[in-house]
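Sequential numbering from 6 applies to the sequence shown in the working numbering.
I have placed the structure first, in the form of structure tokens, so that the comments after it can refer back to it.
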Amino acid sequence: MYLHSRDYAFRYSDADFRDIVRPASFLAVMQESACLSADELGFGYKKLQPKNIGFILSNWYVELFRPVNYDDVLTVHTWPIKPKHLIVFRDFELFVGKERVGVGTSRWCLVDLANFAMLPSSVIFDGVKTEYNDFRSTTFNSWRIPRAEGGECTYSKIISYSDYDHYNHANNTKYADLLMDAFSVDDLRGKWVKQFRISYIKQCKCGEKVCFYRLKLDDGSWVVEGRAGDELRVQFNVLFGEL
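Now the structure itself:
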């Protein structure tokens, strides 16, 4: 059974004002492990980039069982799930020592980098011997996030250099910080992020102004969405726990 495993020692800058690791920092190490695993399996960035194709993220889901602190060493386990026609799945388990502190799952799309048109996964996976695991880290399968209709705009950002990656759009991990910035320090005092999911709707490019609207749902979670003008670009659903 294939499993990629890597340890990550967080930096002081990975934590927030409560010394708890930020959602963006989790996504950064999970993305790193996903890319390293893809390299191992023969469909990583360096292999695909000369063909002008690549993977972009469609969705993240992360569930944490306790706060993870800046001085915890996080072990990330990841493995691919057998792809469907247009969607490639990847699961994650998160450990501190032998303690299982979280799980995650993600959906990726293969695209033509010239125009970002979606490509069938068969373009790279047909005829390639890849080990897939039947084991899933979580039973989560609810990707639809409600709209934040009537929500208030609490933060805005012009996409710039520090947000960009090699695909010339805002990197998926950057959105987690931008979306969390819809909450103030006072809003977050005494709370920690137990669960979150992100849906990436459309790329954000350099110079675009994105406004972030938030709305509390009946289940106690919050929806935050980023809009460029009236166009929806990204959605975030987060559930906080009490410290």
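Cβ coordinates follow ideal geometry from the N, Cα and C atoms, glycine included.
**Report entry** Whole-angstrom distance between residue 95 and residue 65, CA atom to CA atom
**Finding:** The residue you call residue 65 lines up with position 60 of the sequence shown. The residue you call residue 95 lines up with position 90 of the sequence shown. Approximately 10 angstroms, taken between the alpha carbons.
Query raised in the report: Does DSSP classify residue 316 as helix, strand or coil?
Result: What is shown of the chain runs 6 to 248, which leaves residue 316 out entirely.
Requested in this report: Report the rounded CA-to-CA distance for residue 98 versus residue 113, giving the unit in angstroms.
Outcome: Locating residue 98 in the sequence shown gives position 93, where the first residue counts as 1. Locating residue 113 in the sequence shown gives position 108, where the first residue counts as 1. Cα to Cα, residue 98 sits roughly 17 angstroms from residue 113.
Query raised in the report: Do residue 84 and residue 7 have their C-beta atoms within less than 7 angstroms of each other?
Result: As a position in the sequence shown, residue 84 is number 79, starting the count at 1. As a position in the sequence shown, residue 7 is number 2, starting the count at 1. Cβ atoms of residue 84 and residue 7: closer than 7 angstroms.
Query raised in the report: Considering residue 240, what are the terminal residues of the beta strand (DSSP E) in which it resides?
Result: Sequence index remark: in the sequence shown, residue 240 carries index 235 (1-based). 236-247 is the span of the beta strand (DSSP E), which, as asked, contains residue 240.
Query raised in the report: Is it true that the CB of residue 68 sits closer than 7 angstroms to the CB of residue 108?
Result: On the sequence shown, position 103 is the one that residue 108 refers to. On the sequence shown, position 63 is the one that residue 68 refers to. Yes, the Cβ-Cβ distance between residue 108 and residue 68 is below 7 angstroms.
Query - Stretch-stretch touch, CB-based, cutoff 8 angstroms, three pairs: the stretch 35-52 with the stretch 215-222 - result: no
Report task. Pull up the CB-CB distance for residue 75 and residue 116, whole angstroms please, since I reckon it's below 8 angstroms. Result -> Within the sequence shown, numbered from 1, the residue matching residue 75 stands at position 70. Within the sequence shown, numbered from 1, the residue matching residue 116 stands at position 111. Incorrect: roughly 35 angstroms between the Cβ atoms, too far for contact.
Report task. Tell whether a beta-carbon distance below 7 angstroms holds between residue 232 and residue 216. Result -> Stepping through the sequence shown from its first residue, residue 232 is reached at position 227. Stepping through the sequence shown from its first residue, residue 216 is reached at position 211. Yes, the pair counts as a contact, with Cβ atoms nearer than the cut-off.
**Report entry** Inter-residue spacing [alpha-carbon to alpha-carbon] between residue 181 and residue 31
**Finding:** Within the sequence shown, the letter at position 176 stands for residue 181. Within the sequence shown, the letter at position 26 stands for residue 31. Cα to Cα, residue 181 sits roughly 10 angstroms from residue 31.
Query raised in the report: Cβ atoms of residue 118 and residue 57: under 7 angstroms apart, would you say?
Result: Taking the sequence shown and counting its residues from 1, one reaches residue 57 at position 52. Taking the sequence shown and counting its residues from 1, one reaches residue 118 at position 113. Yes, the Cβ-Cβ distance between residue 57 and residue 118 is below 7 angstroms.
Query - Distance between residue 238 and residue 61 (C-alpha atoms, nearest Å) - result: On the sequence shown, position 56 is the one that residue 61 refers to. On the sequence shown, position 233 is the one that residue 238 refers to. Answer to the nearest angstrom: the Cα atoms are 14 angstroms apart.
Query raised in the report: Should residue 77 and residue 101 be called a contact, given that it needs their Cβ atoms to be closer than 7 angstroms?
Result: Numbered from its first residue, the sequence shown carries residue 77 at position 72. Numbered from its first residue, the sequence shown carries residue 101 at position 96. Yes, Cβ-Cβ distance for residue 77 and residue 101 is below 7 angstroms.
**Report entry** Buried or exposed by the 16-neighbour rule on C-beta atoms within 10 Å, applied to residue 122
**Finding:** Numbered from its first residue, the sequence shown carries residue 122 at position 117. Classification of residue 122: exposed, given that the 10 Å Cβ count is below 16.
Report task. Measure the CB-CB distance between residue 166 and residue 187 and report whether it falls below 7 angstroms. Result -> Numbered from its first residue, the sequence shown carries residue 166 at position 161. Numbered from its first residue, the sequence shown carries residue 187 at position 182. For residue 166 and residue 187, no; Cβs fall outside 7 angstroms.
Report task. Compare the Cα-Cα distances from residue 249 to each of 34, 147, 16, 234 and report the closest residue. Result -> Coverage of the chain is limited to positions 6 through 248, which leaves residue 249 absent and any answer about it impossible.
**Report entry** residue 31, DSSP secondary structure in three states
**Finding:** In the sequence shown, the residue the question calls residue 31 occupies position 26. The answer is helix: DSSP assigns residue 31 an H, G or I state.
**Report entry** Cβ distance (whole Å) where residue 202 is taken to contact residue 242 below 8 angstroms
**Finding:** Locating residue 202 in the sequence shown gives position 197, counting from the first residue. Locating residue 242 in the sequence shown gives position 237, counting from the first residue. Correct: roughly 5 angstroms between the Cβ atoms.
Query raised in the report: Hey, residue 164 and residue 209: beta-carbon distance below 7 angstroms or not?
Result: As a working mapping, residue 164 is identified with position 159 in the sequence shown. As a working mapping, residue 209 is identified with position 204 in the sequence shown. Result yes, Cβ atoms of residue 164 and residue 209 sit closer than 7 angstroms.
Report task. Using DSSP bridges, identify the partner residues of residue 93. Result -> Stepping through the sequence shown from its first residue, residue 93 is reached at position 88. BP columns for residue 93 point to 113.
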